[in-house]
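Everything below concerns the one structure shown next.
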Amino acid sequence: EAGVAQSPRYKIIEKRQSVAFWCNPISGHATLYWYQQILGQGPKLLIQFQNNGVVDDSQLPKDRFSAERLKGVDSTLKIQPAKLEDSAVYLCASRNIAGGSYEQYFGPGTRLTVT
Amino acid sequence: AQSVSQHNHHVILSEAASLELGCNYSYGGTVNLFWYVQYPGQHLQLLLKYFSGDPLVKGIKGFEAEFIKSKFSFNLRKPSVQWSDTAEYFCAVKKNTGFQKLVFGTGTRLLVSP
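In order, the protein sequence lines correspond to chains A and B.
As numbered in the working numbering, residues 1 to 115 make up the first sequence, in order.
As numbered in the working numbering, residues 1 to 114 make up the second sequence, in order.
This is how it looks when you write it as structure tokens:
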């Protein structure tokens with residue numbers, strides 16, 4: 001079974017520029033999550049999708065961050081414009097809600113550096 | 001708001017030493033508890049989880065964790081660590097109601113010297 005795919009793996013941008021990250025979850029996983037992990041901290045949930053609907057985006061800075069999952073499969077997370085404090089690893093995870101398992105499968109992450 | 005505390009940020013052990021990593025959470029209701037591990041250069045992966053039943057949970061690679069409800073704790077243990085256990089360990093908690101999010105602790109970086 002293929003894992004969660006993310007691209008790019010690394011990105012360096014200047015502040016005020018825009019950036020987009022892509023995630024392809026495990027096939028058949030209806031739930032998709034985007035997390036932000038700042039150095040020295042644990043992952044923090046930004047947004048959760050169930051199929052193509054948003055379940056929780058309470059911690060997403062909506063003035064600059066946006067995310068979509070139009071066909072209920074792939075997802076993109078965008079930052080526009082980026083700030084220095086957005087430097088972090090952005091993790092995508094997916095979960096198969098069937099069977100009641102709560103295990104989330106994580107991708108390798110995208111390391112963003114904002115200069 | 002829900003929070004998760006991991007008191008040890010860095011732990012250094014020699015091989016064969018015993019390990020205990022602390023995790024406390026601040027939510028009084030029913031919770032689901034998890035330990036995730038991230039080996040160097042690899043993805044976060046689930047080590048073990050507690051949903052209900054026996055509070056002593058066995059995970060992969062000889063790890064176990066004990067849920068003590070009265071102490072709001074879910075400490076991770078391993079009787080004898082190996083060099084390959086060098087990794088970062090994250091405790092996470094989820095309220096057991098609806099679409100509640102997973103809240104992670106800050107992580108403990110474990111270094112096992114051979």
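Idealized CB from N, CA, C, for every residue including glycine.
| Item | Value |
| --- | --- |
| Whether valine 103 of chain B touches alanine 92 of chain B by CB criterion (8 angstroms) | yes |
| Straight-line Cα distance separating arginine 69 of chain A from serine 7 of chain A | 15 angstroms |
| Isoleucine 60 of chain B - DSSP class collapsed to helix/strand/coil | helix |
| Beta strand (DSSP E) runs wholly inside the region 23-102 of chain A, at least 3 long, in chain order | 31-37, 44-50, 53-56, 65-68, 75-79, 88-95 |
| Proximity below 8 angstroms, CB of threonine 31 of chain A to CB of glutamine 50 of chain A | yes |
| Identity of the residue in A:Gln37, A:Ile47, A:Gly72 nearest proline 108 of chain A by Cα | A:Gln37 |
| Minimum Cβ-Cβ distance from leucine 45 of chain A to chain B less than 8 angstroms | yes |
| CB contact below 8 angstroms: tyrosine 102 of chain A versus chain B | yes |
| Proximal residues, the region 65-92 of chain A versus chain B, C-beta separation under 9 angstroms | Leu91 |
| Three-state class that DSSP yields for lysine 78 of chain B in the structure shown | strand |
| Distance CB(cysteine 23 of chain B)-CB(asparagine 75 of chain B) smaller than 8 angstroms | yes |
| Minimum Cβ-Cβ distance from proline 108 of chain A to chain B less than 8 angstroms | yes |
| CB contact flag (tyrosine 102 of chain A, asparagine 32 of chain B, <8 angstroms) | yes |
| According to DSSP, residues forming a beta bridge with tyrosine 50 of chain B | B:Leu33 |
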